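A quick write-up on the structure given underneath.
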Amino acid sequence: MTPEKIVENHKKYVLQSWSKQGNLNPIPVAKADGIYFYDFDGNRYTDMSSQLVNLNLGYGNKAIGDAIKEQVDKFCFVGPSYATEAKSTLAEMIINLLPDSFGKVFFTNAGADANENAVKIARMFTGRNKVFSRYRSYHGSSFGAGNLTGEPRRYPLEPGIPGFVKFFDPYVYREAINFESEEEATKFYLTKLREQIIYEGPDSVAAIVMETITGSNGVIIPPKGYLPGVRKICDEFGILMICDEVMAGWCRTGKMFAFQNFDVVPDIVTFAKGVTCGYVPLGGVAVSKKVAEYFDDHLLSCGLTYSGHPLACAAGVACVNYYGEAHILDNVAKSGKVLGEILEEMKAKHPCVGDVRYIGLFSAIELVKDKKTKEPLVPYGKDEKGIMGTLVGMLKKKKFMTYSHENMLFVNPPLIITEEQIKEEMEKMDEVLTYVDSELI
Numbered sequence: 001m002t003p004e005k006i007v008e009n010h011k012k013y014v015l016q017s018w019s020k021q022g023n024l025n026p027i028p029v030a031k032a033d034g035i036y037f038y039d040f041d042g043n044r045y046t047d048m049s050s051q052l053v054n055l056n057l058g059y060g061n062k063a064i065g066d067a068i069k070e071q072v073d074k075f076c077f078v079g080p081s082y083a084t085e086a087k088s089t090l091a092e093m094i095i096n097l098l099p100d101s102f103g104k105v106f107f108t109n110a111g112a113d114a115n116e117n118a119v120k121i122a123r124m125f126t127g128r129n130k131v132f133s134r135y136r137s138y139h140g141s142s143f144g145a146g147n148l149t150g151e152p153r154r155y156p157l158e159p160g161i162p163g164f165v166k167f168f169d170p171y172v173y174r175e176a177i178n179f180e181s182e183e184e185a186t187k188f189y190l191t192k193l194r195e196q197i198i199y200e201g202p203d204s205v206a207a208i209v210m211e212t213i214t215g216s217n218g219v220i221i222p223p224k225g226y227l228p229g230v231r232k233i234c235d236e237f238g239i240l241m242i243c244d245e246v247m248a249g250w251c252r253t254g255k256m257f258a259f260q261n262f263d264v265v266p267d268i269v270t271f272a273k274g275v276t277c278g279y280v281p282l283g284g285v286a287v288s289k290k291v292a293e294y295f296d297d298h299l300l301s302c303g304l305t306y307s308g309h310p311l312a313c314a315a316g317v318a319c320v321n322y323y324g325e326a327h328i329l330d331n332v333a334k335s336g337k338v339l340g341e342i343l344e345e346m347k348a349k350h351p352c353v354g355d356v357r358y359i360g361l362f363s364a365i366e367l368v369k370d371k372k373t374k375e376p377l378v379p380y381g382k383d384e385k386g387i388m389g390t391l392v393g394m395l396k397k398k399k400f401m402t403y404s405h406e407n408m409l410f411v412n413p414p415l416i417i418t419e420e421q422i423k424e425e426m427e428k429m430d431e432v433l434t435y436v437d438s439e440l441i
């Protein structure tokens, strides 16, 4: 099939996510390797978003590909009630990577159904119905995960499911209050959360669900003491703490799981994306021993045809092994330091850069019209002129591939990226930000 026919069929037959369908012009991908992919004309594009922040180990990882091929030669599928080497091995590996309090894993197809099943498990375990999640959050777009989601992508699902309660997350940069310290901000946000729980009735709240670090809504890193403070509130009222690690997990933040940066242990962890880096879809819910033991004599009312799919789990085993064998955390530390230094330089240099937030290789650049007022470059949800799309398009012309959300540009490259590659690609970002300074503010 010619590249033109591939694009023609895509536009004719495929409904593409999060897009108006009438003006699509997708790149036909011919091949990919490392942090790069190529079109049929041989143009090389640098993947600076790890696709959807899931391709942590880049393209063409031989270890993962070989593991999938080996499993294909054994068998491609059996149902969830059968034991397989790949599934049993991966479950053990994941539990061994988590704190000692964790006991078992329920495998899902991706992140959205991981979060949905985490909520079901929390409700069954506690006998309560309400679930708290944050406004600036994305937990998936299926019906249950979409009700957990707080940002505008939840709107098509409304009116929503009863019992889903939203609260504000600690977005200190945008807060109207000028806090003197991170600790002061933490005290404020925790006080408001505790007050809201009391008004909702603590005995009715099953879980608090949070992206450990808010992902596609701005890489919002919690202030000092915030997550341990949420843990304390959960313990006070018998509420389960669920950390959504779908995007932030698997070495992205410089730790295997993001919560390990904050001296806190949740009751449930959801994961997906980097567990297989997209080579085969897979997600999961890891639960504490206490939660796991509850279901020894209570029915686990969760089920998916492809739970623990053999090909996915084989890919997962190879992927998790590769994180260790290739010393990916070491590379994240080195490359992440370089990325952070460049982002800080950009913040100091460019009038349009209001804030930069980064941890490991997880980062966002927040664009403003005025640094003092913090007025965003585009009003939230009202980018009528398509300014952010234009900036993403300018980066695309430079073969720097990423995405935007609201007034933010994201830099979340594969975790195998080198320091030299980061420097080379961020020069392109610098050129685009210079354009914003001169033409848009």
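Numbering (the UniProt record's numbering), first residue to last: 1 to 441.
Quick reminder that beta carbons are idealized off the backbone N, C-alpha and C, glycines included.
All of these numbers come straight from a predicted model, not from anything done at the bench.
The C-beta distance from residue 110 to residue 316 rounds to 13 Å, too long to fall under 8 Å, and the pair is not in contact. In the three-state scheme derived from DSSP, where H, G and I count as helix and E and B as strand, residue 33 is classed as strand. In its chain, beyond the 5 residues on either side, 80 and 107 have a beta carbon closer than 6 Å to the beta carbon of residue 307. The Cβ atoms of residue 247 and residue 267 do not sit closer than 7 Å to each other. Shortest Cα-Cα distance from residue 286 to any of 30, 365 and 96 involves 96. Under a 10 Å Cβ-count criterion, residue 403 is classified as buried, with 16 or more other Cβ atoms of the shown protein chains found around its own Cβ. Ranked by Cα distance from residue 189, the first of 208, 229, 152 and 220 is 229.
Under the rule that a run must span 4 or more residues, the alpha helix (DSSP H) segments found entirely inside the stretch 218 to 265 read 226 to 237. For residue 407 against residue 343, the beta-carbon gap comes to about 16 Å, at or over 8 Å, which does not count as contact. For residue 77, there is no enclosing alpha helix (DSSP H), as DSSP marks it with neither H nor E. In the three-state DSSP reduction, residue 214 falls in the strand class (E or B). In the DSSP annotation of this structure, the continuous segment of the alpha helix (DSSP H) that includes residue 336 starts and ends at 328 to 349. With at least 16 other beta carbons inside 10 angstroms of its own, residue 350 counts as buried.
Here residue 168 has 135 as same chain residues with Cβ atoms under 6 Å from its own Cβ, once five neighbours each way along the sequence are excluded. Residue environment analysis places residue 131 among the buried positions, since at least 16 neighbouring C-beta atoms fall within 10 angstroms of its C-beta. Within its own chain, the residues whose Cβ lies closer than 7 Å to the Cβ of residue 123, once the five positions on either side in sequence are excluded, are 129 and 206, listed in chain order.
In this structure, residue 219 and residue 363 form a Cβ contact; the two beta carbons are roughly 6 Å apart against a cut-off of 8 Å. Burial of residue 332 is indicated by the presence of at least 16 other C-beta atoms within 10 angstroms of its C-beta.
Here residue 154 has 146, 147 and 160 as same chain residues with Cβ atoms under 8 Å from its own Cβ, once five neighbours each way along the sequence are excluded. Non-local C-beta neighbours of residue 68 in its own chain, meaning closer than 7 Å and more than five positions away in sequence, comprise 279, 280, 311, 314 and 315, ordered along the chain. Here residue 93 carries a helix assignment [DSSP, helix/strand/coil].
Residue environment for residue 77: exposed (fewer than 16 other C-beta atoms within 10 angstroms of its C-beta). Excluding five sequence positions before and after residue 55, the CB atoms of its chain that fall closer than 8 Å to its own CB belong to 47, 277, 278 and 414, given in chain order. For residue 208, the secondary structure class from DSSP, reduced to helix, strand or coil, is strand. As for any beta strand (DSSP E) of minimum length 3 sitting wholly inside the stretch 380 to 421, the runs are 408 to 411, ordered along the chain. Straight through space, the alpha carbons of residue 121 and residue 298 are spaced by roughly 11 Å. Within the DSSP bridge table, the entry for residue 130 names 205 as partners. The residues 352, 367, 368, 369, 387, 388, 407, 436, 440 and 441, in chain order, have a CB closer than 8 Å to that of residue 377 in the same chain once the five nearest residues on each side in sequence are set aside. Nearest C-alpha to residue 326 among 301, 57 and 140: 57. Exclusion of the five residues before and after residue 319 leaves 64, 276 and 277 as the residues of its chain whose Cβ lies within less than 6 Å of its Cβ. Between the alpha carbons of residue 339 and residue 49 lies a distance of about 13 Å. Less than 7 Å separates the beta-carbon of residue 115 from that of residue 140.
About 32 Å separates the beta carbon of residue 174 from that of residue 399, a gap too long to meet the 8 Å contact definition. If one requires a minimum length of 4 residues, the alpha helix (DSSP H) runs lying completely within the stretch 282 to 312 are 289 to 294, in chain order. Annotation for residue 149: no alpha helix (DSSP H) segment contains it, and DSSP assigns it neither H nor E.
Between residue 258 and residue 191, the C-beta spacing is not below 7 Å.
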